[in-house]
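The opening position of the sequence shown corresponds to residue 1 in the UniProt record's numbering, with each subsequent residue numbered one higher.
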Amino acid sequence: MELNDEENNESLYFILEPNADTGIPIHVVFDDAFAAKAYFNRFRTFSDAQILECRLNPGFYTDITRDCYFIQLERNSDVYVISLANDLQRSELAIKEHYFFEGDQICIYLMASCEEEAVKAARKIRDKAVANNEFVNKPSLGQILGRV
Numbered sequence: 001m002e003l004n005d006e007e008n009n010e011s012l013y014f015i016l017e018p019n020a021d022t023g024i025p026i027h028v029v030f031d032d033a034f035a036a037k038a039y040f041n042r043f044r045t046f047s048d049a050q051i052l053e054c055r056l057n058p059g060f061y062t063d064i065t066r067d068c069y070f071i072q073l074e075r076n077s078d079v080y081v082i083s084l085a086n087d088l089q090r091s092e093l094a095i096k097e098h099y100f101f102e103g104d105q106i107c108i109y110l111m112a113s114c115e116e117e118a119v120k121a122a123r124k125i126r127d128k129a130v131a132n133n134e135f136v137n138k139p140s141l142g143q144i145l146g147r148v
């Protein structure tokens, strides 16, 4: 389910400045980068003040029946490491079932309703990658030394 169909490129600019009296680090917010920079340069009182740019109403995908998982599988075994992916960037990768390789491991982002389903889906992706020779085969020591 797409919560926001149109990509919104608008940003808000928060002026962050520590304030021991209030404990609230945000004093003002601008919707214009130039105005935020002008205010920042004119009224900044602390050296560690900063401008924080945030996207307003970013488009994102959500599915309350599935979670985003990151799974690392060995090429030739069923050993795996799995974790939940809880940020927008990695959840977008999970929707696309993005994967990449690290040595003899395949690392996969995907959506699933539970850990068991995620591992099962990841194994299918891994098996397909192996069948398509997508794993980069590392040369053996014999190949490196020119003996094979």
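Each residue gets a CB set at the ideal place from its N, CA and C atoms; glycine is no exception.
Have a look at L84 and H98 and give me their C-alpha separation to the nearest angstrom.
-> Within the sequence shown, numbered from 1, the residue matching residue 84 stands at position 84. Within the sequence shown, numbered from 1, the residue matching residue 98 stands at position 98. It is roughly 15 Å from the alpha-carbon of L84 to the alpha-carbon of H98.
Relative to the C-alpha of K96, which residue among C68, K128 and Y13 is closest?
-> Your numbering for residue 96 matches position 96 in the sequence shown. When each option's Cα is compared against that of K96, the closest is C68.
Under a three-way DSSP split, which group does D127 fall into?
-> Numbered from its first residue, the sequence shown carries residue 127 at position 127. In the structure shown, D127 sits in a helix (DSSP, three-state: H, G or I).
Apart from the five residues just before and just after V81, which ones in its own chain have a Cβ nearer than 8 Å to its Cβ?
-> For the purposes of this step, residue 81 is identified with residue 81 of the sequence shown, where counting begins at 1. In chain order, I71 and Q72 place their CB closer than 8 Å to the CB of V81, counting only its own chain and leaving out the 5 sequence neighbours on each side.
Pairwise C-alpha distance: I108 and V29 = For the purposes of this step, residue 29 is identified with residue 29 of the sequence shown, where counting begins at 1. For the purposes of this step, residue 108 is identified with residue 108 of the sequence shown, where counting begins at 1. So the two alpha carbons sit approximately 38 Å from each other.
Among residues of its own chain, excluding the 5 on either side of C54, which ones have a beta-carbon nearer than 7 Å to its beta-carbon?
-> Against the sequence shown, residue 54 aligns to sequence position 54. So the qualifying residues of the chain are S11, L12 and F14.
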